[in-house]
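Asks: One structure, pasted below without further comment.
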Amino acid sequence: MTILQDLESRLSTALAAVLGEPATASVTAAADLRFGDYQSNAAMVLAKQRKTNPRALAQEIIDKLDLAGLATAEIAGPGFINFRILPEAYAAKAKELLGDAQL
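For what it's worth, the numbering used here labels the leading residue of the sequence shown as 635, then goes sequentially.
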């Protein structure tokens with residue numbers, strides 16, 4: 635599993651916890667690296683559908699988000715969730731790849 639896939643999986647789990655139903659999250663590379671490595675607009679999309687405040691929904695999602703050992707998250711702008719990958723997550727992925735006999 636890539637770091638991006640791991641992040642999407644964890645975000646989907648948090649979304650499901652907040653919404654009370656299965657949800658799939660999309661995470662993309664950040665448009666501006668000053669704000670993080672990856673970003674998601676899931677809170678803004680869902681807030682529009684649910685007619686609620688996107689920043690408040692983003693905070694609910696972050697409160698349910700388990701990013702231990704992977705990343706930190708913060709809300710930006712109208713409700714983006716920005717992720718900054720932890721150095722130890724990159725190190726763990728590099729170690730995993732170095733041990734892969736197929737490479």
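Glycine is no exception: its CB is placed at the ideal position from the N, C-alpha and C atoms.
(1) Please classify residue 667 as buried or exposed, where buried requires at least 16 other C-beta atoms within 10 Å of its C-beta.
(2) For residue 722, collect the residues of the same chain with a Cβ closer than 8 Å to its Cβ; drop the 5 residues on either side in sequence, then sort them by chain order.
(3) Enumerate, from N- to C-terminal direction, the unbroken beta strand (DSSP E) stretches of 3 or more residues contained entirely within the region 660-688.
(4) Assuming contact is defined by CB atoms lying nearer than 8 Å, are residue 663 and residue 713 in contact in what I supplied?
(5) For residue 706, write down the residues that DSSP places opposite it in a beta bridge.
Replies: The relevant details are as follows:
(1) So residue 667 counts as exposed.
(2) 703
(3) 672-674
(4) One thing to note: residue 663 has its Cβ no nearer than 8 Å to the Cβ of residue 713.
(5) 718
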